[in-house]
Amino acid sequence: MISGMGLNNIRALRNSGHIPVKKINILVGMNSSGKSTLIRIFPLLKQSVEVRTKGPILWYGRLVDFGSLKQVRSEGGEDVPVSLSFDLDVSSKLRRAQKVLLKDTVATHRLSRNIRIILELDSTKNEAGRVSKVSLGIGRDNVSIIYSANKAVKKIVINDESFEVAVDQFWYGDVESKIPRLIFLSREEGEGGAFFIEDRSWILGLIVSQLRLMAHGNTSTATLRLVAKELAYAPAVEFKRQFSGLTTAPESLKNDLALRNANGPSLTKLRSLLLLHALPEIVKEVGDDFERFAKGVKYIEPVRASVERYYRLQDLAVDEIDSSGANTAMYLHSLDMRDKEDLKQWMKSNLGFFAYTQIAGGNVEIKVVIGSDAVGRNVTDLGFGYSQVLPVVLQLWHSCIKRSSHENSAASIIAIEQPELHLHPRYQALLSDVFAGVSHALDRQSRRVPIFVETHSEHIVNRLGALIASEVIDADDVQIILFDNSTGVSKVKCVSFDDSGVLAESWPLGFFVPED
1 MISGMGLNNI
11 RALRNSGHIP
21 VKKINILVGM
31 NSSGKSTLIR
41 IFPLLKQSVE
51 VRTKGPILWY
61 GRLVDFGSLK
71 QVRSEGGEDV
81 PVSLSFDLDV
91 SSKLRRAQKV
101 LLKDTVATHR
111 LSRNIRIILE
121 LDSTKNEAGR
131 VSKVSLGIGR
141 DNVSIIYSAN
151 KAVKKIVIND
161 ESFEVAVDQF
171 WYGDVESKIP
181 RLIFLSREEG
191 EGGAFFIEDR
201 SWILGLIVSQ
211 LRLMAHGNTS
221 TATLRLVAKE
231 LAYAPAVEFK
241 RQFSGLTTAP
251 ESLKNDLALR
261 NANGPSLTKL
271 RSLLLLHALP
281 EIVKEVGDDF
291 ERFAKGVKYI
301 EPVRASVERY
311 YRLQDLAVDE
321 IDSSGANTAM
331 YLHSLDMRDK
341 EDLKQWMKSN
351 LGFFAYTQIA
361 GGNVEIKVVI
371 GSDAVGRNVT
381 DLGFGYSQVL
391 PVVLQLWHSC
401 IKRSSHENSA
411 ASIIAIEQPE
421 LHLHPRYQAL
431 LSDVFAGVSH
441 ALDRQSRRVP
451 IFVETHSEHI
461 VNRLGALIAS
471 EVIDADDVQI
481 ILFDNSTGVS
491 KVKCVSFDDS
501 GVLAESWPLG
511 FFVPED
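Numbering (UniProt numbering), first residue to last: 1 to 516.
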């Protein structure tokens, strides 16, 4: 799950700044101001992890079309890297920093719950682009991994200290992953000639050298190596707590370590070296969580499929709502009886109508029952808005409300463009009630799936304010992300509601009505 994000040098967004992610995020702004760019980053990531790609990002795919990396760059930003930043909440895991083919290992490491990932992308001849730099913010520790054009790692910078590749080493970035896996290789000589093996013994040597500066002069190298293997990378305060439990360290060294400032230069250097040793596993963990997040994106596009009177019956299991809503009929038809009843009651309660399918002559038709009507009517005989809002409603229910939705769909974020299309203002406002209800349902499940909505509807915004004023939802759970290009350069501002449901800032002049 992400708790923040930022985009640089992507179309209209030269620098979005840091954007916190709330439970409900409403994107508003004039056309060509960057709001569609931001919300489409999510399906862009999803389509990039669904298939194998030449570059890290699939700019043109089944969900969105950004063209190529060259076309993505902001005007005037040809020499500036394209970058995407995400604050990713990862579970606090313990992993052993294993050493392949060698016996030298250090202890386990513990990640901070929130890690900032910044991917910098640069051009290549095939226009797919490549990762030129990965930056990680792990608590107070900052890591930068700089890559060359041939997938090799040029250097690693941890807390302003640079680590360069030695002549007998090769640091490799495995580009099969969106965040390249990191592998430290050293050159060895054998009967058949030179070969490379994974090797981190040189880092262990650096850790021992750092301990030597803090230990009594008589402490043997063998003892310091044992101490090094007991130490684990962790955030500063937690890192210092482990000193009292060291079993191989002389008392003099334990006392010296315990007296030092957790954020002082000596312990910072020691932590940096332990972080360097654990970095391959940390990068893999972060990369796995990042790809899991991308796969969990649920997206509804603005131009949704036209509804048909009848659909050819297909006996297919439908695991996901198509981004255009093209499989709406088959999704409804594939639900079991209990899910159909659950969906019916949820739609009646939240929207005042519900949809179901009926087989007619070997075909499937979507029928809608409105209010207290006794029978349903074919959706094509109703206003166009019903067919357009159905994919939005079904995506929310499937990802967040449906039984076992947290297991089956693994939604990480829901991105919806212009849900208000062809809807009466009352139903536009009612969508805000649905968003609030979904948010409450997620709270009850102890899940957090942020909802992003790109809209031109003043009714959606105003209704959210009214729901806050009536204490249906918390002001802290909602934000308006305002995109303003009135000066010629798009600026992004996050605006909150107060407890009375009033926006903290006024709309820019001419935002909803023309200027006089």
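Just so it is clear, CB atoms sit at the ideal spot from N, CA and C, and this is done for glycine as well.
Residue range of the alpha helix (DSSP H) that includes residue i
i	result
S201	S201 to R212
D339	M337 to L351
E230	T221 to E230
S387	F384 to L396
K254	E251 to L259
G465	E458 to A469
Y331	T328 to S334
V167	Element bounds for V167: n/a, residue is neither H nor E.
Whole-number beta carbon distance between residue j and residue i, since they are thought to touch under 8 angstroms
i	j	result
F42	F452	7 angstroms
G325	A305	5 angstroms
I197	S209	Going by Cβ atoms, the distance from I197 to S209 rounds to 23 angstroms, so no, they are not a contact pair.
A249	Q242	A249 to Q242, Cβ: 11 angstroms. No contact.
L267	K240	7 angstroms
G34	R62	At roughly 23 angstroms, the Cβ-Cβ gap does not stay under 8 angstroms, so G34 and R62 are not in contact.
M5	D87	7 angstroms
R14	V489	7 angstroms
L38	P81	Between P81 and L38 the Cβ distance is about 18 angstroms, and since that is not below 8 angstroms, they are no contact.
V364	Y310	7 angstroms
S439	D477	6 angstroms
I19	I481	6 angstroms
DSSP-derived helix/strand/coil call for residue i
i	result
R312	strand
P43	helix
E505	coil
I401	helix
E50	helix
L102	Note that L102 scores a pLDDT of 38, beneath 50, so its modelled location is shaky; the value from the coordinates is reported in the next line. Coil, per DSSP.
G137	strand
D476	helix
F66	coil
Q358	strand
S85	strand
K154	strand
L111	coil
D484	strand
R447	coil
D499	coil
V318	coil
G173	strand
G4	strand
S132	strand
S144	strand
V438	helix
D79	coil
V453	strand
Limits of the unbroken beta strand (DSSP E) element including residue i
i	result
E164	E161 to E164
V495	K491 to S496
I115	N114 to D122
R181	R181 to G190
E365	N363 to I370
E198	G193 to E198
- Item | Sufficient close CB pairs (3 or more, under 8 angstroms) joining the region 203-216 to the region 270-286 | yes
- Message: Tell me whether the region 156-176 and the region 245-257 touch, counting them as touching only if at least three CB pairs, one residue from each stretch, are closer than 8 angstroms.
- Response: no
- Does the pairing of the region 130-148 with the region 111-121 give three or more beta-carbon distances under 8 angstroms? yes
- Query: Taking the runs of the alpha helix (DSSP H) that are 4 residues or longer, which of them lie wholly in the region 7-40?
  - Reply: none
- Spell out a yes or no on whether the region 407-426 and the region 353-360 are touching, meaning 3 or more CB-CB pairs, one atom from each, closer than 8 angstroms. no
- Write down every uninterrupted run of the alpha helix (DSSP H) in the region 233-297 whose length is 4 residues or greater and which is fully enclosed by it, in chain order. 236-241, 251-259 and 265-295
- Message: With three or more beta-carbon pairs closer than 8 angstroms as the criterion, would you say the region 446-462 touches the region 46-62?
- Response: no
- Is there contact here, the region 412-422 with the region 385-400, by at least three beta-carbon pairs under 8 angstroms? yes
- Taking three-plus beta-carbon pairs below 8 angstroms as touching, is the region 171-186 in contact with the region 143-153? yes
- Message: With three or more C-beta pairs closer than 8 angstroms as the rule, is the region 335-346 touching the region 382-390?
- Response: no
- Taking only runs of the beta strand (DSSP E) that begin and end inside the region 406-431, which ones reach a length of at least 3 residues, in chain order? 413-417
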